[in-house]
(Lines of atoms letter the chains of each structure in order from A; the text may use other names.)
(Lines give C-alpha, C1' and ligand atoms only; values in the text may rest on other atoms or scores of the structure.)
Protein backbone atom coordinates (compact mmCIF):
# COMPACT_ATOMS: atom_id res chain seq x y z
CA UNK A 2 0.00 0.00 0.00
CA UNK A 3 0.98 3.60 -0.48
CA UNK A 4 1.28 5.54 2.74
CA UNK A 5 0.21 9.08 3.61
CA UNK A 6 2.88 11.70 4.17
CA UNK A 7 4.08 11.97 7.74
CA UNK A 8 2.12 15.06 8.84
CA UNK A 9 -1.36 13.59 8.36
CA UNK A 10 -0.28 10.12 9.43
CA UNK A 11 0.92 11.32 12.84
CA UNK A 12 -2.48 12.82 13.59
CA UNK A 13 -4.06 9.41 13.06
CA UNK A 14 -1.45 7.49 15.00
CA UNK A 15 -2.84 7.84 18.52
CA UNK A 16 -6.16 6.28 17.54
CA UNK A 17 -4.75 3.56 15.32
CA UNK A 18 -2.12 2.47 17.84
CA UNK A 19 -4.49 1.83 20.70
CA UNK A 20 -7.86 0.93 19.21
CA UNK A 21 -8.74 -2.65 20.09
CA UNK A 22 -11.71 -4.90 19.51
CA UNK A 23 -13.62 -5.89 22.61
CA UNK A 24 -13.74 -9.65 22.30
CA UNK A 25 -12.74 -11.72 25.30
CA UNK A 26 -10.46 -14.68 24.72
CA UNK A 27 -9.85 -17.97 26.49
CA UNK A 28 -13.16 -17.91 28.32
CA UNK A 29 -15.27 -20.89 29.29
CA UNK A 30 -17.76 -19.85 31.98
CA UNK A 31 -21.46 -19.52 31.25
CA UNK A 32 -22.89 -16.08 31.95
CA UNK A 33 -26.58 -16.73 32.49
CA UNK A 34 -29.02 -18.27 34.92
CA UNK A 35 -32.32 -19.82 33.83
CA UNK A 36 -35.34 -17.52 33.80
CA UNK A 37 -38.82 -17.90 32.28
CA UNK A 38 -38.87 -17.94 28.46
CA UNK A 39 -39.20 -14.54 26.82
CA UNK A 40 -42.39 -13.42 25.14
CA UNK A 41 -42.91 -13.35 21.39
CA UNK A 42 -41.45 -10.25 19.77
CA UNK A 43 -42.17 -8.36 16.57
CA UNK A 44 -40.74 -9.37 13.19
CA UNK A 45 -37.57 -7.68 11.92
CA UNK A 46 -36.99 -4.80 11.40
CA UNK A 47 -38.44 -3.39 14.61
CA UNK A 48 -38.40 0.27 15.53
CA UNK A 49 -39.74 1.69 18.75
CA UNK A 50 -42.71 3.90 17.91
CA UNK A 51 -43.68 6.89 20.04
CA UNK A 52 -41.22 5.89 22.73
CA UNK A 53 -41.02 9.22 24.50
CA UNK A 54 -40.78 7.89 28.05
CA UNK A 55 -37.39 7.81 29.71
CA UNK A 56 -36.65 4.66 31.65
CA UNK A 57 -34.60 4.14 34.75
CA UNK A 58 -31.54 1.98 34.22
CA UNK A 59 -33.14 -1.06 35.96
CA UNK A 60 -36.26 -0.69 33.79
CA UNK A 61 -34.13 -0.39 30.67
CA UNK A 62 -32.12 -3.48 31.54
CA UNK A 63 -35.26 -5.51 32.21
CA UNK A 64 -36.62 -4.49 28.81
CA UNK A 65 -33.42 -5.37 26.91
CA UNK A 66 -32.17 -8.39 28.83
CA UNK A 67 -34.28 -10.98 26.94
CA UNK A 68 -32.79 -9.74 23.65
CA UNK A 69 -29.10 -9.85 24.63
CA UNK A 70 -27.19 -13.08 24.02
CA UNK A 71 -23.84 -14.56 25.01
CA UNK A 72 -21.66 -15.82 22.14
CA UNK A 73 -18.95 -18.45 22.58
CA UNK A 74 -16.70 -19.35 19.64
CA UNK A 75 -14.44 -22.38 19.41
CA UNK A 76 -11.74 -23.07 16.84
CA UNK A 77 -8.62 -25.17 16.49
CA UNK A 78 -5.42 -24.62 14.56
CA UNK A 79 -2.21 -26.51 14.00
CA UNK A 80 0.61 -25.49 16.28
CA UNK A 81 4.27 -26.39 16.43
CA UNK A 82 5.06 -29.89 15.17
CA UNK A 83 1.46 -30.41 14.05
CA UNK A 84 -0.11 -30.22 17.49
CA UNK A 85 -3.74 -29.04 17.68
CA UNK A 86 -4.15 -25.73 19.50
CA UNK A 87 -7.73 -24.99 20.62
CA UNK A 88 -8.93 -21.42 21.07
CA UNK A 89 -12.07 -19.83 22.43
CA UNK A 90 -13.54 -16.35 22.24
CA UNK A 91 -16.46 -14.65 23.91
CA UNK A 92 -18.63 -11.78 22.76
CA UNK A 93 -22.14 -10.42 22.81
CA UNK A 94 -24.99 -10.09 20.34
CA UNK A 95 -28.64 -9.15 20.32
CA UNK A 96 -31.73 -10.56 18.67
CA UNK A 97 -33.17 -8.58 15.74
CA UNK A 98 -35.88 -11.00 14.60
CA UNK A 99 -38.17 -13.28 16.54
CA UNK A 100 -37.25 -16.20 14.28
CA UNK A 101 -33.63 -16.33 15.42
CA UNK A 102 -31.55 -13.70 13.63
CA UNK A 103 -28.82 -12.06 15.74
CA UNK A 104 -26.45 -9.19 15.04
CA UNK A 105 -22.91 -9.08 16.41
CA UNK A 106 -19.42 -8.00 15.39
CA UNK A 107 -17.56 -9.89 12.67
CA UNK A 108 -14.43 -10.05 14.82
CA UNK A 109 -16.45 -11.88 17.51
CA UNK A 110 -17.27 -14.81 15.21
CA UNK A 111 -14.23 -14.81 12.88
CA UNK A 112 -11.62 -17.49 13.35
CA UNK A 113 -8.56 -16.11 15.19
CA UNK A 114 -6.09 -14.53 12.79
CA UNK A 115 -8.62 -14.26 9.95
CA UNK A 116 -11.10 -11.65 8.76
CA UNK A 117 -13.55 -13.70 6.71
CA UNK A 118 -13.47 -17.26 8.04
CA UNK A 119 -16.03 -18.05 10.75
CA UNK A 120 -15.12 -19.93 13.90
CA UNK A 121 -15.58 -23.67 13.68
CA UNK A 122 -18.27 -23.72 16.35
CA UNK A 123 -20.46 -20.88 17.59
CA UNK A 124 -22.73 -21.33 20.60
CA UNK A 125 -25.35 -18.77 21.60
CA UNK A 126 -26.71 -18.70 25.15
CA UNK A 127 -30.11 -17.07 25.49
CA UNK A 128 -31.44 -15.18 28.48
CA UNK A 129 -33.44 -18.23 29.59
CA UNK A 130 -30.30 -20.39 29.70
CA UNK A 131 -30.80 -22.30 26.44
CA UNK A 132 -27.60 -23.00 24.51
CA UNK A 133 -28.03 -23.22 20.74
CA UNK A 134 -25.60 -23.75 17.88
CA UNK A 135 -25.47 -20.72 15.58
CA UNK A 136 -24.54 -20.44 11.93
CA UNK A 137 -23.12 -17.36 10.23
CA UNK A 138 -25.64 -16.17 7.65
CA UNK A 139 -23.15 -13.63 6.37
CA UNK A 140 -20.55 -11.14 7.52
CA UNK A 141 -19.18 -7.80 6.40
CA UNK A 142 -15.59 -7.40 7.60
CA UNK A 143 -15.53 -3.85 6.19
CA UNK A 144 -18.03 -2.69 8.81
CA UNK A 145 -17.20 -5.38 11.40
CA UNK A 146 -20.74 -6.75 11.38
CA UNK A 147 -22.06 -10.31 11.19
CA UNK A 148 -25.50 -11.89 11.24
CA UNK A 149 -26.07 -15.22 13.01
CA UNK A 150 -29.03 -17.58 12.86
CA UNK A 151 -30.22 -19.95 15.55
CA UNK A 152 -33.03 -22.50 15.34
CA UNK A 153 -35.52 -20.86 17.66
CA UNK A 154 -38.90 -19.14 17.47
CA UNK A 155 -40.77 -16.65 19.61
CA UNK A 156 -37.70 -14.69 20.61
CA UNK A 157 -37.76 -11.07 21.75
CA UNK A 158 -36.11 -8.67 19.29
CA UNK A 159 -34.42 -5.59 20.66
CA UNK A 160 -36.21 -2.33 19.75
CA UNK A 161 -34.06 -0.27 17.39
CA UNK A 162 -33.83 3.50 17.67
CA UNK A 163 -32.34 6.22 15.49
CA UNK A 164 -28.75 7.13 16.28
CA UNK A 165 -28.96 10.26 14.14
CA UNK A 166 -31.22 11.74 16.82
CA UNK A 167 -28.64 11.25 19.57
CA UNK A 168 -27.27 14.40 21.17
CA UNK A 169 -23.77 14.78 22.55
CA UNK A 170 -24.06 14.51 26.32
CA UNK A 171 -27.12 12.24 26.18
CA UNK A 172 -26.97 9.29 28.57
CA UNK A 173 -26.55 5.79 27.15
CA UNK A 174 -26.14 2.29 28.57
CA UNK A 175 -23.88 -0.50 27.29
CA UNK A 176 -24.87 -4.13 27.89
CA UNK A 177 -22.42 -6.94 27.25
CA UNK A 178 -20.53 -9.96 28.54
CA UNK A 179 -17.55 -8.02 29.83
CA UNK A 180 -14.64 -10.37 30.60
CA UNK A 181 -17.16 -13.25 30.39
CA UNK A 182 -17.93 -12.79 34.06
CA UNK A 183 -20.41 -15.36 35.41
CA UNK A 184 -23.91 -14.27 36.38
CA UNK A 185 -25.09 -12.50 33.26
CA UNK A 186 -24.25 -9.42 31.20
CA UNK A 187 -22.54 -6.37 32.65
CA UNK A 188 -24.36 -3.03 32.50
CA UNK A 189 -22.44 0.26 32.35
CA UNK A 190 -23.71 3.81 31.94
CA UNK A 191 -22.14 6.85 30.32
CA UNK A 192 -22.86 9.59 27.84
CA UNK A 193 -22.54 10.14 24.12
CA UNK A 194 -19.11 11.77 24.12
CA UNK A 195 -19.10 12.59 20.40
CA UNK A 196 -20.78 11.67 17.12
CA UNK A 197 -19.54 11.25 13.59
CA UNK A 198 -16.22 9.59 14.40
CA UNK A 199 -14.47 7.70 11.61
CA UNK A 200 -13.03 4.38 12.84
CA UNK A 201 -10.56 2.49 10.66
CA UNK A 202 -8.50 -0.64 11.16
CA UNK A 203 -6.20 -1.69 8.35
CA UNK A 204 -5.76 -5.42 9.11
CA UNK A 205 -9.28 -6.35 7.98
CA UNK A 206 -10.01 -3.13 6.10
CA UNK A 207 -12.59 -1.98 8.65
CA UNK A 208 -14.10 1.46 7.99
CA UNK A 209 -16.95 2.60 10.23
CA UNK A 210 -18.38 6.02 9.41
CA UNK A 211 -20.35 8.14 11.87
CA UNK A 212 -19.34 6.00 14.83
CA UNK A 213 -20.68 6.94 18.26
CA UNK A 214 -18.08 7.71 20.92
CA UNK A 215 -19.05 6.96 24.52
CA UNK A 216 -17.45 6.86 27.94
CA UNK A 217 -19.67 3.98 29.07
CA UNK A 218 -17.18 1.33 30.15
CA UNK A 219 -16.51 -1.18 27.37
CA UNK A 220 -14.31 -4.21 28.00
CA UNK A 221 -13.30 -7.45 26.24
CA UNK A 222 -16.48 -9.47 25.81
CA UNK A 223 -18.67 -6.41 25.16
CA UNK A 224 -18.16 -6.59 21.40
CA UNK A 225 -21.41 -6.94 19.48
CA UNK A 226 -23.54 -5.84 22.40
CA UNK A 227 -26.11 -3.04 22.30
CA UNK A 228 -25.56 0.59 23.17
CA UNK A 229 -28.98 1.76 24.35
CA UNK A 230 -30.57 5.18 24.83
CA UNK A 231 -32.69 5.94 27.87
CA UNK A 232 -35.87 5.06 25.98
CA UNK A 233 -34.70 1.47 25.79
CA UNK A 234 -33.83 1.61 22.07
CA UNK A 235 -30.63 0.20 20.57
CA UNK A 236 -28.71 3.06 18.96
CA UNK A 237 -25.35 1.37 18.41
CA UNK A 238 -23.32 -1.84 18.48
CA UNK A 239 -20.27 -1.64 20.73
CA UNK A 240 -17.18 -2.58 18.78
CA UNK A 241 -13.93 -1.00 19.92
CA UNK A 242 -12.14 0.87 22.67
CA UNK A 243 -8.96 2.94 22.82
CA UNK A 244 -6.64 2.14 25.69
CA UNK A 245 -3.11 3.04 26.60
CA UNK A 246 -0.99 5.60 28.35
CA UNK A 247 -2.41 8.41 26.19
CA UNK A 248 -6.13 7.59 26.37
CA UNK A 249 -8.75 6.04 28.60
CA UNK A 250 -12.52 5.81 28.45
CA UNK A 251 -12.82 6.10 24.67
CA UNK A 252 -15.33 3.53 23.48
CA UNK A 253 -16.97 3.36 20.06
CA UNK A 254 -20.18 1.91 18.65
CA UNK A 255 -21.41 1.26 15.11
CA UNK A 256 -24.55 3.35 14.43
CA UNK A 257 -27.65 1.20 14.32
CA UNK A 258 -28.73 2.57 10.92
CA UNK A 259 -25.61 1.09 9.33
CA UNK A 260 -26.18 -2.23 11.11
CA UNK A 261 -29.79 -2.37 9.94
CA UNK A 262 -28.79 -1.76 6.31
CA UNK A 263 -26.08 -4.45 6.43
CA UNK A 264 -28.43 -6.90 8.15
CA UNK A 265 -31.07 -6.43 5.47
CA UNK A 266 -28.55 -7.18 2.71
CA UNK A 267 -27.12 -10.22 4.45
CA UNK A 268 -30.50 -11.73 5.33
CA UNK A 269 -31.83 -11.14 1.81
CA UNK A 270 -28.73 -12.09 -0.22
CA UNK A 271 -26.25 -13.69 2.17
CA UNK A 272 -23.66 -11.04 1.41
CA UNK A 273 -23.00 -7.34 1.12
CA UNK A 274 -21.97 -5.99 -2.27
CA UNK A 275 -20.80 -2.40 -2.55
CA UNK A 276 -18.88 -0.10 -4.81
CA UNK A 277 -15.23 0.11 -3.80
CA UNK A 278 -12.61 2.85 -4.27
CA UNK A 279 -9.60 1.26 -2.62
CA UNK A 280 -8.52 3.92 -0.13
CA UNK A 281 -8.06 4.35 3.59
CA UNK A 282 -9.20 7.76 4.65
CA UNK A 283 -9.29 10.35 7.39
CA UNK A 284 -11.72 13.20 7.92
CA UNK A 285 -10.45 16.71 7.24
CA UNK A 286 -11.67 19.02 10.01
CA UNK A 287 -11.26 22.77 10.58
CA UNK A 288 -8.67 22.18 13.30
CA UNK A 289 -6.68 19.80 11.08
CA UNK A 290 -6.88 22.27 8.19
CA UNK A 291 -5.56 25.09 10.38
CA UNK A 292 -2.73 22.98 11.75
CA UNK A 293 -1.56 21.77 8.33
CA UNK A 294 -2.53 24.80 6.24
CA UNK A 295 -4.87 22.77 4.04
CA UNK A 296 -6.85 24.47 1.24
CA UNK A 297 -10.24 23.27 2.60
CA UNK A 298 -11.55 22.59 6.10
CA UNK A 299 -13.90 19.76 5.14
CA UNK A 300 -13.39 16.68 3.01
CA UNK A 301 -11.79 13.24 3.07
CA UNK A 302 -8.03 12.93 3.20
CA UNK A 303 -6.55 9.93 1.41
CA UNK A 304 -4.40 8.21 4.02
CA UNK A 305 -3.44 5.13 2.02
CA UNK A 306 -4.14 3.90 -1.52
CA UNK A 307 -4.62 0.18 -2.13
CA UNK A 308 -2.12 -0.83 -4.77
CA UNK A 309 -3.85 -1.84 -8.01
CA UNK A 310 -7.25 -0.66 -6.76
CA UNK A 311 -9.60 1.81 -8.49
CA UNK A 312 -8.11 4.89 -6.78
CA UNK A 313 -4.58 3.77 -7.61
CA UNK A 314 -5.48 3.20 -11.27
CA UNK A 315 -7.12 6.62 -11.42
CA UNK A 316 -3.99 8.30 -10.08
CA UNK A 317 -5.10 9.32 -6.59
CA UNK A 318 -2.29 9.62 -4.05
CA UNK A 319 -1.91 9.72 -0.27
CA UNK A 320 -2.40 13.32 0.82
CA UNK A 321 -5.11 14.11 -1.75
CA UNK A 322 -8.31 15.58 -0.29
CA UNK A 323 -11.55 14.36 -1.89
CA UNK A 324 -14.35 16.96 -1.88
CA UNK A 325 -16.83 15.56 -4.42
CA UNK A 326 -17.86 12.29 -6.10
CA UNK A 327 -20.15 13.00 -9.06
CA UNK A 328 -23.00 15.07 -7.60
CA UNK A 329 -22.29 14.26 -3.97
CA UNK A 330 -20.37 16.79 -1.92
CA UNK A 331 -17.93 15.01 0.38
CA UNK A 332 -17.34 16.66 3.77
CA UNK A 333 -16.37 13.55 5.75
CA UNK A 334 -16.00 9.80 5.54
CA UNK A 335 -19.69 9.26 6.17
CA UNK A 336 -20.55 11.28 3.06
CA UNK A 337 -18.10 9.27 0.96
CA UNK A 338 -19.40 5.90 2.12
CA UNK A 339 -23.00 7.01 1.65
CA UNK A 340 -22.15 8.03 -1.93
CA UNK A 341 -20.55 4.63 -2.56
CA UNK A 342 -23.65 2.88 -1.22
CA UNK A 343 -25.71 4.72 -3.85
CA UNK A 344 -23.34 3.87 -6.70
CA UNK A 345 -22.80 0.61 -8.53
CA UNK A 346 -19.64 -1.46 -9.11
CA UNK A 347 -18.33 -0.80 -12.60
CA UNK A 348 -19.78 2.70 -12.68
CA UNK A 349 -17.46 5.52 -13.76
CA UNK A 350 -17.58 8.59 -11.54
CA UNK A 351 -15.88 11.96 -11.47
CA UNK A 352 -13.82 12.56 -8.35
CA UNK A 353 -12.92 16.13 -7.43
CA UNK A 354 -9.94 16.48 -5.10
CA UNK A 355 -7.28 18.88 -3.93
CA UNK A 356 -3.64 18.05 -4.48
CA UNK A 357 -1.72 20.70 -2.64
CA UNK A 358 -3.75 23.86 -3.31
CA UNK A 359 -4.91 22.79 -6.78
CA UNK A 360 -8.44 21.50 -7.36
CA UNK A 361 -8.39 18.62 -9.85
CA UNK A 362 -10.82 16.05 -11.23
CA UNK A 363 -10.30 12.51 -12.41
CA UNK A 364 -12.47 9.71 -13.81
CA UNK A 365 -12.53 6.61 -11.60
CA UNK A 366 -14.14 3.24 -12.32
CA UNK A 367 -15.56 1.70 -9.16
CA UNK A 368 -14.85 -1.96 -8.42
CA UNK A 369 -17.05 -4.49 -6.66
CA UNK A 370 -16.35 -5.48 -3.12
CA UNK A 371 -18.47 -8.50 -2.29
CA UNK A 372 -18.14 -9.78 1.26
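Residue numbers (this note's numbering): 2 to 372. Glycine residues also receive a C-beta, built at the ideal position from the N, C-alpha and C atoms.
Burial is judged here by how many other beta carbons sit within 10 angstroms of a residue's own beta carbon; residue 60 has fewer than 16 and is exposed.
In the three-state reduction of the DSSP assignment, residue 107 falls in the helix class.
The closest CA to that of residue 240, considering only 119, 107, 205, is found on 107. Straight-line spacing of the CA atoms in residue 256 and residue 166 works out to 11 Å. Between residue 319 and residue 304, the C-beta gap is smaller than 8 Å, which places the two residues in contact.
In this structure, residue 69 lies near residue 128, with their beta-carbon atoms less than 8 Å apart.
Counting other Cβ atoms within 10 Å of its Cβ, residue 136 stays below 16 and is therefore classed as exposed.
For residue 132, the uninterrupted beta strand (DSSP E) segment begins and ends at 132-134.
The Cβ-Cβ distance between residue 229 and residue 344 does not fall below 8 Å. Scanning 54, 323, 259, 349 for the CA closest to the CA of residue 211 turns up 259. Of all alpha-carbon atoms in 111, 206, 359, 119, the one lying nearest the alpha-carbon of residue 144 is that of 206.
Of all alpha-carbon atoms in 302, 317, 89, the one lying nearest the alpha-carbon of residue 332 is that of 302. At a cut-off of 4 residues, the continuous stretches assigned as alpha helix (DSSP H) that sit fully inside the stretch 269-344 are 287-293, 311-315, 334-343. Here residue 79 is exposed. Its C-beta has fewer than 16 other C-beta atoms within 10 Å. The C-beta of residue 85 has fewer than 16 other C-beta atoms within 10 Å across all chains shown, which makes the residue exposed. A direct Cα-Cα distance of roughly 11 Å separates residue 121 from residue 73. Comparing C-alpha distances from residue 110 to each of 313, 141, 99, 132 shows the shortest one belongs to 141. Under a 10 Å Cβ-count criterion, residue 55 is classified as exposed, with fewer than 16 other Cβ atoms of the shown protein chains found around its own Cβ. The alpha carbon of residue 312 has as its nearest neighbour, out of 352, 289, 196, 274, the alpha carbon of 352.
Inter-residue distance for residue 339 and residue 275 is about 11 Å (C-alpha atoms, whole angstroms).
Counting only the Cα atoms, residue 235 lies some 5 Å from residue 162. By alpha-carbon distance to residue 75, the top candidate from 124, 93, 101, 104 is 124. Secondary structure at residue 60: helix, using DSSP grouped into helix, strand and coil. Residue pairing by DSSP places residue 206 in no beta bridge whatsoever.
Under the DSSP definition of a beta bridge, residue 141 partners with 146. Beta-bridge partners assigned by DSSP to residue 199: none are found.
About 12 Å separates the beta carbon of residue 222 from that of residue 94, a gap too long to meet the 8 Å contact definition.
Across the set 89, 310, 329, the C-alpha of 89 shows the shortest separation from the C-alpha of residue 113. If you look at residue 232, you'll find it isn't in any beta strand (DSSP E); DSSP assigns it neither H nor E. One Cα belongs to residue 103, the other to residue 322, and the distance between them is close to 38 Å. Under the DSSP assignment, residue 128 falls outside any beta strand (DSSP E); it carries neither an H nor an E label.
If the five residues before and after residue 335 are omitted, its C-beta is found closer than 8 Å to the C-beta atoms of 197, 199, 210, 211, all from its own chain and listed in chain order.
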